Every structure is written in C-alpha cells, then in structure tokens.
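Per the working numbering, the sequence shown starts with residue 143, numbered consecutively.
Glycine residues also receive a C-beta, built at the ideal position from the N, C-alpha and C atoms.
Predicted model, so just to flag it, every value in this text is computed and none were measured.
Inspection log for the structure reproduced underneath, given as structure tokens.
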Amino acid sequence: NLFVSGSSYELIKGIADFLLSRTDLRPKIGIICGSGLGSVATILDVKKEFSYSEIPHFPRSTVPGHAGKLLFGYMGNVAVMCMQGRVHFYEGYDLVKCVMPVRVMKLCGVTHIIMSNAAGGVNEKYNVGDIMIVKDHVNFLGLGGLNPLRGPNDDRWGPRFVALNKAYDQWMRKKAKELASQYQQQGSRTTFHEGVYAVVGGPNFETVAELRMLRKMGIDAVGMSTATEAIAAHHCGMTVFAFSLITNKCVLEYDVEEMPNHEEVIESGLKQESLVKDWVSSLVQAVGNQ
Ligand code: 6GU
Numbered sequence: 143n144l145f146v147s148g149s150s151y152e153l154i155k156g157i158a159d160f161l162l163s164r165t166d167l168r169p170k171i172g173i174i175c176g177s178g179l180g181s182v183a184t185i186l187d188v189k190k191e192f193s194y195s196e197i198p199h200f201p202r203s204t205v206p207g208h209a210g211k212l213l214f215g216y217m218g219n220v221a222v223m224c225m226q227g228r229v230h231f232y233e234g235y236d237l238v239k240c241v242m243p244v245r246v247m248k249l250c251g252v253t254h255i256i257m258s259n260a261a262g263g264v265n266e267k268y269n270v271g272d273i274m275i276v277k278d279h280v281n282f283l284g285l286g287g288l289n290p291l292r293g294p295n296d297d298r299w300g301p302r303f304v305a306l307n308k309a310y311d312q313w314m315r316k317k318a319k320e321l322a323s324q325y326q327q328q329g330s331r332t333t334f335h336e337g338v339y340a341v342v343g344g345p346n347f348e349t350v351a352e353l354r355m356l357r358k359m360g361i362d363a364v365g366m367s368t369a370t371e372a373i374a375a376h377h378c379g380m381t382v383f384a385f386s387l388i389t390n391k392c393v394l395e396y397d398v399e400e401m402p403n404h405e406e407v408i409e410s411g412l413k414q415e416s417l418v419k420d421w422v423s424s425l426v427q428a429v430g431n432q
C-alpha cells in the first residue's frame, strides 16, 4: 500500500516478532524517555538491549540526549520495555514513523505506556525543575492536519475516528499524584502540577508572540513530542500516562537576555534524575501490581 509503506501492521508485527524472539521478557509497561530523562532506564534491571540501528526498519534518534536504545528489563517484579530516546517530527520523520515504536510496544504486549518529555513552562507559576502531569494536550500539528492516523485506517490498530477526551488515563494520573504527594511530605522541593501540554513542530523554540498566544489559550507547557505518540497509543487501546519536566521558563517579554537552549534542557533533566527515577518506578509498581 502506497500510503502506509514502511509502517504497515505486517511490518510492525515483523519488528515485534524480531524483538520477542530475542528475549523471554514479556513487557506489560512501555516507557519512552524524553530529553535528559534517559536515566530512568538506569533503574531497569536490563535483560536485553537493542540499539535502534540493529532493529529492522526502526527509526534512529538523531538528537543529543537521546541514547537510541530499546531496553527490555524489570522494574521490581514488573516487566518493562523502555525507549531511551525517541524520534521527533522535526528530525524529518513522518508522524507515522514517529509512532512506529509505540505500535511495536503494543504488539510486544504492552498495555500501559509512560512517556516523558522536556517542556517549556508557559504557565507563569511553573518553574525550572517542576514536573507537570499531562492532563490533556493541544495538538497544533493535528489541528493543522498532520496526524499519525491520517491515511487508510487499519482496524487492527483501532477505529477510524477516535475520541480523545479520556486520552490521559485518570487512574494513572490519580496514582501519580498520590505518589508525588509523598515526596512533598518528605520535604522535597520539587513541585508537581497537572496541566495542558501543547505540541508544536519545532525545532525552533517559540517566538514571544507565539508564547503569549499559548498562555492566553490556557496552555501550561510546550514541547515538540508526546502528543502524537499519545494519540497512536490511545488509538490502539493502550493506557497512556505522560509527564513533562519543565526545563525552562518561557520568556514572554522582548527585553530579556535569556535564550532557551538544548543544553539547559538536558541539564535540568539531570538535576531531577533521582526523584523522577523513584517516582516513575513507584508508578510502574502501582500499575504492575494493580
Ligand atoms: Cl521553550 N519550547 C518547546 N517547543 N519545546 C521545549 C521547550 C520550549 N523547552 C524544552 N522543550
């Protein structure tokens, strides 16, 4: 099929079979680590590791801070597959290619997906190092017509028209908030929020005028990933949880010298490493032993 070449169900089934024939592990949870958050993978008791380049037809991460490894392992007693680094639309991949790993996870048996990203804080109350649980998203790519579900629908994934009003699972968000409140009780200075994530195409950061528009629209954080993967995951019936690490406060004034940059994005990821690892791991335990 001309429209879906390189992303057909059969091709993705082939990739899942390739992976499953090389490990005995049968993952229940899938994790996608965003910029600077690849260290979440270090809490995995890794049983099998693939470099993206050795997986047939798999996209390759081209961004610093994205290791480009697919790991199978255990977090406690829960079987997990973990992408250390994702691929983005701005790298040149079609959206259908960007979500291929999500569908591979589905055919590997994953039922719950946890995604992280680095994002700019649009909400003026958000500070660098805060964590935002994604409650909902505004998909600027999708509203403009760029959608991984565009083209002939393969019903084996899901329905043609998919509702997104419950895209980000309520139970997982509630659980994640409960777990987060424990850190606060223990005196942690990390602030957790729940908010709306906007995805833009990138790779440039937003202009002042764009950020002012986003804030007026009620958007809390802005980034270049996740929403598309969430759509594909929800479409094929997976339970979705996503969170953003706020890596910079968006500058909504013209006469300010600060410039957002990828180095600060990676740096703030590293600063929250241990808390994020702990939190994600306890969420994985909660889901796995549900
Ligand atoms: Cl300010 N914008 C976008 N689009 N993505 C980001 C970001 C900003 N900071 C981290 N990721």
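Helix or strand or just coil, what does DSSP make of aspartate 278?
strand
So what's threonine 368 in DSSP terms, helix, strand or just coil?
coil
What residues in its chain sit with their C-beta under 7 Å from that of tyrosine 235, if we drop five residues either side in the sequence?
Pro201, Val229
Whose CB is closer than 6 Å to a heavy atom of the ligand 6GU? List the residues in chain order.
Ala260, Ala261, Gly262, Val342, Gly344, Phe347, Glu348, Val364, Gly365, Met366, Thr389, Asn390, Cys392, Pro402, Val407
Glycine 263: first and last residue of the uninterrupted beta strand (DSSP E) it sits in
254-263
With DSSP run on the structure shown, which of helix, strand or coil describes glutamine 326?
helix
Relative to the C-alpha of glutamate 348, which residue among Ala322, Gly337, Ala363 is closest?
Ala363
Report the rounded CA-to-CA distance for glutamate 399 versus valine 393, giving the unit in angstroms.
9 Å
Considering Cα atoms alone, identify which of Gly263, Tyr268, Tyr339, Thr368 is closest to threonine 333.
Tyr268
For glutamate 233, which residues of its own chain have a beta-carbon under 6 Å away from its beta-carbon, when the five flanking residues on both sides are left out?
Excluding residues within five positions, the ones whose Cβ falls inside 6 Å are Thr204.
Rounded to whole angstroms, what is the Cα-Cα separation between leucine 425 and valine 220?
11 Å
Please report the residue range of the beta strand (DSSP E) in which glutamine 226 lies.
220-226
Is it buried or exposed for phenylalanine 383, if we count other Cβ within 10 angstroms and need 16 for buried?
So phenylalanine 383 ends up on the buried side.
Could you please give the first and the last residue of the uninterrupted beta strand (DSSP E) stretch that includes histidine 199?
For histidine 199, there is no enclosing beta strand (DSSP E), since its DSSP letter is neither H nor E.
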